[in-house]
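Q: In the UniProt record's numbering, the protein residues as written are 1 to 138. Glycine included, every Cβ here is placed at the ideal spot set by N, Cα and C. Here it is, the structure, as structure tokens.
See below:
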């Protein structure tokens with residue numbers, strides 16, 4: 001069977017939009033094929049507003065999610081392969097769905113991330129833990 005993630009994404013996007021809320025997608029930027037502005041590739045995860053008022057030419061299909069958006073006033077084409085999409089939810093209340101691994105997805109993610117190499121040995125430093133802080137995102 002074909003993976004269900006693209007069908008669930010479309011359905012949840014429609015449900016969130018029909019309820020007059022803004023759908024947001026959580027993305028793993030480390031998956032091969034993710035196309036977002038370079039300054040956002042440094043982050044491991046990225047949250048993108050995919051409401052119709054925030055993006056143009058939104059397409060959700062079996063390959064992934066693509067759209068045009070402005071980042072800092074610069075028009076940008078964005079592509080998010082399906083294995084990179086971690087969740088879709090409503091910004092206003094957090095309702096939505098997180099995506100785990102689907103059967104066979106382990107191989108897709110492994111291929112998308114490319115060959116893995118063991119990390120070089122690094123000396124461990126004692127780093128004092130800071131008090132966790134939350135940041136309001138509007």
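With a threshold of 7 Å on Cβ separation, who are the neighbours of residue 99 within its own chain once the five nearest residues in sequence on each side are excluded?
A: Excluding residues within five positions, the ones whose Cβ falls inside 7 Å are 5, 85, 86, 87.
Q: Going by C-alpha distance, which of 96, 21, 36 is nearest residue 65?
A: Ranking 96, 21, 36 by Cα distance to residue 65 puts 36 first.
Q: Return the CA-CA distance between residue 2 and residue 50, expressed in angstroms with no decimal places.
A: Residue 2 and residue 50: Cα-Cα distance of roughly 24 Å.
Q: Going by CA-CA distance only, name the one from 44, 67, 23 that's closest to residue 59.
A: Nearest of 44, 67, 23 to residue 59, Cα basis: 67.
Q: Taking its Cβ as the centre, do 16 or more other Cβ atoms sit within 10 Å of residue 96, making it buried, or is it exposed?
A: Classification of residue 96: buried, given that the 10 Å Cβ count is 16 or more.
Q: With distances taken Cα to Cα, identify the nearest neighbour of residue 93 among 24, 31, 45.
A: Residue 93 has its Cα closest to that of 24, out of 24, 31, 45.
Q: So, with DSSP's three-state summary, where would you put residue 54?
A: Coil.
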